[in-house]
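To keep things clear, I will list the structure first and then write my remarks on it.
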Amino acid sequence: MKLAFLTTHPIQYQVPVFRHLAAEDGVQFTAVFCTIPTAAQQGAEFGVDFQWDIPLLEGYRYHVLENVSKSPGLMHFNGCDTPGVTKYFFDQGFDAVVINGWVVKSCLQAARACKRLGISCIVRGEANHLRPRAWWKRLIHRRLMRFYDAYCPIGKASAAFYRQLGVPDERMFLAPYCIENDRIAATSPRDGDSIAAARRRFEIHPDQCCFLFCGKLIEKKQPVGLLKAIALANQQGAQFQVLVVGDGAQRDQCERLAREENLPVRFPGFLNQSEIGQAYSAADALVLPSDNGETWGLVVNEAFAAGLPALVSDQVGCHPDLIHEGETGWVHPFGDWQTLADQMRRAAGDRSRLTQMGHNAKALIRHYSPRDAADGILRAARYATGDRVCDPGQGLR
1 MKLAFLTTHP IQYQVPVFRH LAAEDGVQFT AVFCTIPTAA QQGAEFGVDF
51 QWDIPLLEGY RYHVLENVSK SPGLMHFNGC DTPGVTKYFF DQGFDAVVIN
101 GWVVKSCLQA ARACKRLGIS CIVRGEANHL RPRAWWKRLI HRRLMRFYDA
151 YCPIGKASAA FYRQLGVPDE RMFLAPYCIE NDRIAATSPR DGDSIAAARR
201 RFEIHPDQCC FLFCGKLIEK KQPVGLLKAI ALANQQGAQF QVLVVGDGAQ
251 RDQCERLARE ENLPVRFPGF LNQSEIGQAY SAADALVLPS DNGETWGLVV
301 NEAFAAGLPA LVSDQVGCHP DLIHEGETGW VHPFGDWQTL ADQMRRAAGD
351 RSRLTQMGHN AKALIRHYSP RDAADGILRA ARYATGDRVC DPGQGLR
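FYI, the numbering for the sequence shown is 1 to 397, going by full-length UniProt numbering.
Here's what the structure looks like:
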């Protein structure tokens, strides 16, 4: 089978999946990118220009389309415009193409190209049912579904989104959202010496509980709300520290609030992939209070791989899959900062329980691996190209 996966650009979470697809017997795999971003484009919303410091273009075949956008970028629909995709697909003779949602114009161009050329088309996007949508958006999404022969939900909320649009389970193949678990685990050791060294680096007290926030400091992630919860917990006499890793538009506001309220928060800024492991080593648990723009929250996968439980809002897309209440973490109603403060206060008072929950989280995340995602994509591709005896709907419920 000649299989392609079209996505905006090389993404550190997708590349391990591509390598598994490339290694599959009987599959000729190609990753198709709409662009290779500049440091400035890569850093949009991160608050800093950067390139990832791990290899992203090794271990698989890839092709970069010509992006003719007058305003190239990754953060808006017209930032990737690749009309040459139809000719490229025709020249390559692909049997099936996986498309990474419909977030940019290039994704729709690719879906139309597949329909025109008779190529089986599979979608694996991030959308879920947690975000309310206007009637006209729901209508557009329903019409979009006609382009696809099979669907790869990334988790339970994603599958529920497709069901709302009338997609039957037999056309869905779970390809779980994932990270490179082994790499994260290796770079965030939890032995005593590694934890002590990481805490010295970030000036975290060795005997206090440390919560980690890791992500862009933007409204969607709700870092300001997190600081409100920390202030409430402080008023109740809680004893813990918080490490806020990342940069973005709300960093100045967060640092000002932390100073004014005298909050026990450290702001080391953006950390690249080669450094982020130390932040996980320093922490006891992750906190992610995002709104429904957090369609999954791969930082939770990273925390689990590092052996940390997570406290997340009920609008974070991964919570139905990953957060088993009291076992791998806790869920709080979005925007309910008092409930989050209470959860953090109770968690900080029982670090041994957090350690056990971290073990549970690490065991669970083994089932959300690049191998599992690649297997789901391959099942979907075989179904879409005519193999109707494969196992559809596996693991969706």
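Using N, Cα and C, we set each Cβ at its ideal position, and we do this for glycine too.
Note down the Cα distance separating V85 from A113, rounded to an integer number of angstroms. For V85 and A113, the distance between alpha carbons rounds to 7 angstroms.
Point to revise | Three-pair Cβ contact test at 8 angstroms for the stretch 336–353 versus the stretch 226–238 | key: yes
Checklist entry - When DSSP labels each residue in this structure, what does R397 get in the three-state scheme? => result Because the pLDDT of R397 is 46, which lies under 50, any placement of that residue in the model is unreliable, and the question is left without a value.
* Please go through the same chain and pick out, in chain order, the residues whose beta-carbon is closer than 6 angstroms to the beta-carbon of L298, but skip the five residues on each side of it. => Y13 and I179
query: Would V312 be called buried (16 or more neighbouring beta carbons within 10 Å of its own) or exposed?
result: buried
Start and end of the beta strand (DSSP E) containing I122? S120 to V123
Consult DSSP for M1 and reduce its assignment to one of helix, strand or coil. coil
Identify every run of the alpha helix (DSSP H) within the stretch 247–328, keeping only runs that are complete inside it and at least 4 residues long; order them along the chain. 251–261, 276–282, 298–305 and 319–322
Note to self: On the DSSP bridge list, what partners appear for A150?
What the structure shows: I122
**Prompt:** Which value, in whole angstroms, describes the spacing of the CA atoms of A381 and I184?
**Reply:** The alpha-carbon atoms of A381 and I184 are separated by roughly 29 angstroms.
Exercise. Comparing alpha-carbon positions, which option in W135, W136, V98 and H129 lies nearest C121?
Worked result: V98
6 angstroms CB neighbourhood of E302 in its chain, flanking five on each side removed:
I179 and I184
Exercise. Hey, could you find the ends of the alpha helix (DSSP H) Q356 is sitting in?
Key: From DSSP, the alpha helix (DSSP H) with Q356 extends over R351 to I365.
| Which one of V265, D252 and L257 has the shortest CA to CA distance from L243? | V265
Burial state of G124, where buried means 16 or more other Cβ atoms lie within 10 Å | This sequence places Arg at residue 124; Gly is not what is there. R124 comes out buried.
Discussion item. Using CA atoms only, rank isn't needed, just tell me which of A110, Q343, G43 and E45 is closest to F240.
Written reply: Q343
- [ ] Assign W52 to one of three DSSP states: helix, strand, or coil.
- [x] coil
Practice task
Could you have a look at H141 and say whether DSSP puts it in helix, strand or coil?
Solution key: Correct three-state label for H141: helix.
_Does N181 pass the burial test, meaning 16 or more other C-beta atoms within 10 Å, or should it be called exposed?_
buried
> Does DSSP put L217 in a helix, in a strand, or in coil?
Replying inline: coil
Hey, could you find the ends of the alpha helix (DSSP H) T35 is sitting in? Counting along the chain, T35 falls outside any alpha helix (DSSP H), and DSSP gives it neither H nor E.
Quick check on this structure: which residue in T328, A197, G101 and F267 has the alpha carbon closest to the alpha carbon of L286?
T328
Query raised in the report: For W102, which residues of its own chain have a beta-carbon under 7 angstroms away from its beta-carbon, when the five flanking residues on both sides are left out?
Result: Residues L108, G125 and L144 of the same chain have their beta carbon placed closer than 7 angstroms to that of W102, with the five preceding and five following residues left out of the count.
Practice problem: Let me know the secondary structure DSSP gives R61 once reduced to three states. | Solution: strand
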